[in-house]
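Everything on this sheet refers to the single structure shown next.
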Ligand SMILES: C[S@@+](CC[C@H](N)C(=O)[O-])C[C@H]1O[C@@H](n2cnc3c(N)ncnc32)[C@H](O)[C@@H]1O
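In the working numbering, the protein residues as written are 2 to 199.
Here you go:
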């Protein structure tokens, strides 16, 4: 499964979203669910001071080895869950959340932790997929999700990502949405944006 996820997360349509988002990161960055490290190549090395990558799955972070060797950035990987991060309050200028709010078992807890570790003027950058606003697609997402979740390493296709972010106490400042072609609609309703603390 980690190898499949690595390939899926490297496709061109997703790389395009990373290229639009990750260069916005600055200062001390906490990257949630860093996994195979696909974002590393997209950081602006002139703006980022250091990166703390949080991910409990060692088989996933092991796949980041080559990308870690290729970056000049200071990156520390912590193999722990985003729901309970051993990090100080108000530590991060940027929290990066890409394609893992779907998988983190208790996303509400993880977002509360992101809020805690962000500085008051910090920013949450996110690229995620989740619940479609189209009633028919959302109905399919609800039907498919129990099976998808089992075959796709715990991924959920029907989470209300903006709702989760707002409920955790963030204001969403920018948000772009839409289906990511050429993939099936049930798994690719996409949210890209930036949020700050309310
Ligand atoms: C689909 S991958 C995305 C990886 C990476 N964020 C990216 O953009 O390519 C989902 C990642 O979430 C991680 N993950 C799963 N449960 C987690 C948790 N409780 N806290 C943090 N990360 C978690 C997985 O190990 C995996 O690396």
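Even for Gly, the Cβ is constructed at its ideal location relative to N, Cα and C.
In the three-state scheme derived from DSSP, where H, G and I count as helix and E and B as strand, residue 172 is classed as strand. A distance below 8 Å separates the beta carbons of residue 64 and residue 37. Looking at the DSSP output, residue 127 shares a beta bridge with 98, 194. For residue 87, the secondary structure class from DSSP, reduced to helix, strand or coil, is coil.
Residue state for residue 65 is assigned as coil, using DSSP reduced to three classes. If you check the CB distance, residue 6 and residue 33 do not come in under 8 Å. Note that the C-beta distance between residue 192 and residue 152 is not below 8 Å. Counting only the Cα atoms, residue 52 lies some 6 Å from residue 75. Remark: the C-beta of residue 188 is outside contact range of ligand 1, defined as less than 7 Å to any heavy atom.
Within 7 Å of the C-beta of residue 148 there is not a single heavy atom belonging to ligand 1. Distance from the CA atom of residue 59 to the CA atom of residue 23, rounded to whole angstroms, is 23 Å.
Taking C-beta separations shorter than 8 Å and ignoring five residues to either side along the sequence, the partners of residue 44 in its chain run 23, 24, 26, 30, 52, 72, 74, following chain order. With contacts defined as CB atoms closer than 8 Å, residue 187 and residue 158 qualify as a contacting pair. Taking the CA atoms as reference points, residue 114 sits about 31 Å from residue 141.
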